[in-house]
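Note that the numbering used here has the sequence shown beginning at 17, numbered continuously upward. Working notes for the structure below.
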Amino acid sequence: VRTGRCVQSDRPNISYRVCEIYGWCPTETDILPMPGYNFSASVPLLDDAKEFTVLLKNEVIFPKFKVQRRNIVKNNNSNYLKTCFHNHDTDPLCPIFKIKDVIQECNDDFEQVAYLGAVYGILVNWDCNLDLSLDKCTPTYSTRRLDDPDAPISPGFNFSVIFIYFHILCKSVQRILYWLVFKVFFSLLLDFIKFIFRSFKKLTKELNLLISRRLNKDGIWEIRDAFNAFKCELREQEHVNSTDSITLPYT
C-alpha cells in the first residue's frame, strides 16, 4: 500500500528518491551478495556445500525378456560406496557424485553459481545389447546445465519460503519471516533404452532347412529372399524392443 510519501531508497548506491509503501514484509532485493549477510563478495555463505555428494539410484526393466538391471552393480559392496566418487576415467560406474564435480564438468564455477543458483541435469544412458553378457549392460553418465546462465531477467534458480510463528496462548501471529532461497537443483534425466536382440537359433534353423533342401535353378534367389525377409523381421523386432522397456528412477 502506498503511503503517499517520497523517501530515500534503502538500496545501496542509489541516490534518487522513491515512493514509500507499507507492507507486512520488506520488499525483495536482487542485489547479491547482500552486504552483511555473506562472508565476502567472493565466498558464498555455504561454500562447503560444494563437497556434498549425491547418490543416484536407477533401475531399468526389460519385461519382455525378464531382465532387470540396476545402476549399482552387484560386485560393488557397501564399503565401495563409502569411498568411491564418480569419475569418467577412473571410476565411471560409481553412482556417487560430488556437487563441485558436476558443476566443474559443465565449465561453471561454484563460487558464482552459489549466489544465484542453477539447474543441472544428470543424464543416465542405458545402451544395452542383450546378445552380450548382462554384466556389460551398465549405464553411462553425463551432465549438462539446464538453465540459461546469461538470462537477462531472473537468472539462476530461486524460490520463496515463508515461516509463520503463531502464539498458541494469544492465538495470533507473532512473526512472519520471508526467505528468498537460492538453490543448486539437480534433475535426473533418463535416456531412452536401445538394445538389439537377435534370434540366432531361428536364423540357424531357417538356413539349415534351406541348405538341406535340394537347390533348383532359383535356389540362390530363395536363400537371398530368406535373408532379406529375416533382416526385415529383425528391424521390426528392434523397433518394438526399443520401446518395450521401463525405467524406474528413485532416490
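Glycine included, C-beta positions come from ideal geometry on N, C-alpha and C.
Per DSSP, the beta-bridge partners of asparagine 141 are Thr156. The alpha-carbon of leucine 139 is positioned some 46 Å away from that of glutamine 190. Counting of Cβ neighbours within 10 angstroms places asparagine 145 among the exposed residues, the total staying below 16. Under the DSSP assignment, threonine 99 falls in the alpha helix (DSSP H) whose first and last residues are 94-99.
In the DSSP assignment, leucine 71 falls outside any alpha helix (DSSP H) and lies within the beta strand (DSSP E) extending over 69-71.
Three or more beta-carbon pairs separated by less than 8 Å link the region 153-171 to the region 123-136, which places the two stretches in contact. In this structure, the beta-carbon distance from threonine 154 to phenylalanine 113 does not fall below 8 Å. DSSP, read as helix, strand or coil, puts phenylalanine 81 in coil.
The Cβ atoms of histidine 104 and proline 111 lie no closer than 8 Å to each other.
Linking arginine 160 to aspartate 166 through their CA atoms gives a straight-line distance of about 15 Å. Ranked by Cα distance from isoleucine 178, the first of Glu44, Leu150, Val34 and Leu72 is Glu44.
A distance below 7 Å between beta-carbons, with the five flanking residues on each side excluded, links tyrosine 32 to the following residues of its chain, in chain order: Ser25. Isoleucine 37 sits close to valine 17, with the two beta carbons spaced by under 8 Å.
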